[in-house]
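Residue numbers (the numbering used here): -2 to 335.
Even glycine gets a Cβ: it sits at the ideal position worked out from N, Cα and C.
Take a look at the structure set out below.
See below:
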C-alpha cells in the first residue's frame, strides 16, 4: 500500500516537475535518452512483470495529458487535483510489481477540490517523478497519437469557446443597445402622450370656439332679419306718411279756398239769413265729377312724391299743375289743361 495521500494542484505539479518546460515532452517520449526499442524494466525476470498494472498505467497517460493540456487554457476556471503519495523506495516499488494480479496502484481522482491544497507538501516532486517514470514506460506511439487527437479536440474546444465568448460579448452589446433603445422609446412614448394631450386640449378649445361662433352667427342672422323687417316697416310707414301728406295738402288747399271766400265783408245792413258767395255746393257734384276729383287727387299725390324724390323743375311743374287741377275741382272752377 502507498502512504498517506495528498491533493496537489495540477498546474503547480507540472511547474515543479518540469521547471516551466514543455508539458508534452515527457508523454511524447522525446526526452528519453534510450532507444525507442527499450523495453519496460522488470524485476529480475519476466515472470514477475504485471501486465495489468502496465496496461492501467498506459490507459492513465491520456487522462493525465488531458489534464495537463488544460493548464494553458485561461478559459478553464476549474482546477483538477491529483491524488499522489510520497515517492516509494525501489524495494517497495519492486514489491508492488510482484503482487498478485488485480491489485492496481492507480488512485481515483476526486471531483471538485480546493486549489492549492498540498502546494507546500515535499512529496509533490516525488509524485511528478513517479508519473514521469510511468509515462516513460508507456507505449510512445500510442501516447503520441492520443496526444495529437487530444490536442485537436482541445483546439476545437478552444475555438468553440472563443466563438461563444465572442457571441456572448456581441449579445451583451446588443442587450446594452436594446436597453438604450428601450429608454429612448419610452421617452418618445412619453413625448407622444404629452403631444396627444395637447392636441386633445386644442380640439376641445376649437370645438368650444366653433360653438360660440355658431351662436354669434345665429344672433347676427337674427339681427339682420330684424333689421330687414324694420326697413320694410319703415318703407311702409314712409309710404303711408307720404299718402297722408298728400291728403293733408289737399285738405289745406280746400281750407285755404274756403277761408278766402269767407273773408269778404258783409254789408252793414244785412238780412237775417246769411248770404253765401258763389262757392258751389259740394252736394250737387255728380258721380262723374267725384271720380274725376279722386283721380286728380291721386295724380297730385303721385306728382308730389316724384317732386320730393327727383327735385327738378319738370317734376315741380307737374306737381303744381296737378295741384291746380285738384283745386279747380274743390273750388268748382275748371282749369283747362295745358
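- Fully contained in the region 282 to 323 are the following alpha helix (DSSP H) runs of length 4 or more, in chain order: 284 to 307.
- Secondary structure at residue 205: helix, using DSSP grouped into helix, strand and coil.
- Residue 313 and residue 214 have their C-alpha atoms spaced approximately 47 Å apart.
- DSSP places residue 326 in the helix class (H, G or I) of the three-state scheme.
- With a threshold of 16 other beta carbon atoms within 10 Å, residue 62 meets it and is buried.
- Membership of residue 66 in the alpha helix (DSSP H) is indicated by the continuous run 48 to 66.
- Beta-carbon to beta-carbon, residue 140 and residue 49 are separated by about 18 Å, too far to satisfy the 8 Å threshold.
- Taking 8 Å as the upper bound for CB-CB distance, residue 301 and residue 250 are not in contact here, some 12 Å apart.
- 240 is the residue among 310, 174, 240 and 229 whose C-alpha sits nearest the C-alpha of residue 295.
- Residue 327 and residue 248 have their alpha carbons spaced roughly 9 Å apart.
- Taking 3 residues as the shortest admissible run, the region 164 to 202 contains no complete beta strand (DSSP E) segment at all.
- Under the criterion of beta carbons closer than 8 Å, residue 293 and residue 319 qualify as touching, at roughly 7 Å.
- Contact between residue 243 and residue 307 fails: their C-beta atoms lie close to 16 Å from each other, not under 8 Å.
- When the Cα atoms are used, residue 160 and residue 192 turn out to be separated by approximately 47 Å.
- The Cβ atoms of residue 188 and residue 66 lie no closer than 8 Å to each other.
- Straight-line spacing of the CA atoms in residue 179 and residue 190 works out to 16 Å.
- Within 10 angstroms of the beta-carbon of residue 143 lie 16 or more other beta-carbons, which makes it buried.
- Around the Cβ of residue 212, a 10 Å sphere holds fewer than 16 other Cβ atoms; the residue is exposed.
- A direct Cα-Cα distance of roughly 49 Å separates residue 54 from residue 170.
- With fewer than 16 neighbouring CB atoms inside 10 Å of its own CB, residue 146 falls in the exposed class.
- Within a 10 Å sphere around the beta-carbon of residue 224 sit fewer than 16 other beta-carbons, which makes this residue exposed.
- In this structure, the CA atom of residue 197 is about 37 Å from the CA atom of residue 222.
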